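In the UniProt record's numbering, the protein residues as written are 1 to 259.
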């Protein structure tokens with residue numbers, strides 16, 4: 001599990017940044033799997049942009065597309081690059097985002113908590129395994145791999161922090177006095193919504209199989225409170241530097257191929 005923590009932690013810090021700036025605390029980081037490099041990132045921008053499609057995943061996809069096209073890469077090369085991307089996102093993608101990620105060819109999604117109302121990767125619908133949205137020419141190799149439950153409780157708490165705040169843009173705003181922040185109870189982790197028992201064993205190993213059988217979190221009841229309670233205003237600059245390094249990599253790669 002440790003290999004997933006670095007990038008999901010970056011996504012959680014970005015989600016905290018979103019919370020501190022009046023947005024729903026959902027964020028994602030796109031990582032080039034072969035080089036383990038951050039290539040793009042996104043946070044929900046629906047409140048500021050007044051756009052219902054400005055979800056974190058769409059923001060990251062546009063960022064990656066613009067960066068690749070700026071280097072003069074063709075659409076077919078962009079399509080190939082998307083197949084090499086892992087999406088680390090704090091909350092299970094909604095149905096819209098799950099479909100977009102699948103159609104773009106992103107083959108692995110690592111997420112924190114499920115999306116009880118709109119989840120597109122197992123909670124409500126299973127877009128990743130829906131043959132009606134399979135891209136032409138896809139093979140078994142291209143199937144989406146789900147890695148759920150990474151820092152699940154931290155992702156849940158960030159959402160709870162958001163929902164106890166007043167939202168002046170809501171049609172009928174509720175006062176804070178009507179909302180209680182629960183830091184102690186969490187719903188069971190329904191692993192079977194996302195993984196078979198064999199898939200769980202392949203991803204996390206046989207020693208953790210009791211977590212699957214008992215619907216328990218991977219980290220037990222442990223929560224990294226420092227990560228979600230503290231502000232992370234520097235995370236944007238950190239991720240920007242990392243993504244720019246990947247842009248330089250693309251530029252050098254293109255230059256080598258042209259000489």
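The beta carbon of each residue, even a glycine, is placed where N, CA and C say it ideally should be. Remember, it's a predicted structure, so these values are computed and weren't measured experimentally.
Where residue 40 is concerned, the enclosing beta strand (DSSP E) starts and stops at 37-43. When the beta-carbon positions are compared, residue 89 and residue 239 stay at least 9 Å from each other. Each residue's CA atom was taken as its position, placing residue 81 and residue 249 some 13 Å apart.
Taking the CA atoms as reference points, residue 108 sits about 14 Å from residue 126. Rounded to whole angstroms, the separation of the alpha carbons of residue 187 and residue 85 is 30 Å. The Cβ atoms of residue 64 and residue 155 lie no closer than 9 Å to each other.
In terms of CA proximity to residue 53, 99 leads the group 99, 106, 128. The C-beta distance from residue 43 to residue 17 rounds to 7 Å, short enough to meet the 8 Å contact threshold. In the DSSP assignment, residue 146 falls within the beta strand (DSSP E) that extends over 145-147.
Counting along the chain, the unbroken beta strand (DSSP E) around residue 88 starts and ends at 85-91.
Following the DSSP letters along the chain, one finds residue 32 inside the beta strand (DSSP E) bounded by residues 27-32. Under the criterion of beta carbons closer than 8 Å, residue 158 and residue 15 qualify as touching, at roughly 5 Å. According to the DSSP assignment, residue 8 belongs to the alpha helix (DSSP H) that extends over 2-20.
For residue 109, the enclosing beta strand (DSSP E) has its first and last residue at 108-113. A distance of 9 Å or more separates the beta carbons of residue 41 and residue 68.
Counting only the Cα atoms, residue 117 lies some 24 Å from residue 143. Rounded to the nearest whole angstrom, the CA to CA distance from residue 232 to residue 112 is 18 Å. Its Cα nearest to that of residue 1, the residue 201 stands out among 34, 214, 201. Secondary structure at residue 51: coil, using DSSP grouped into helix, strand and coil. Within the same chain, Cβ atoms closer than 7 Å to the Cβ of residue 19 are found at 25, 158, 161, 162, the five residues on either side in sequence being excluded. C-alpha of residue 78 to C-alpha of residue 93: approximately 22 Å in a straight line.
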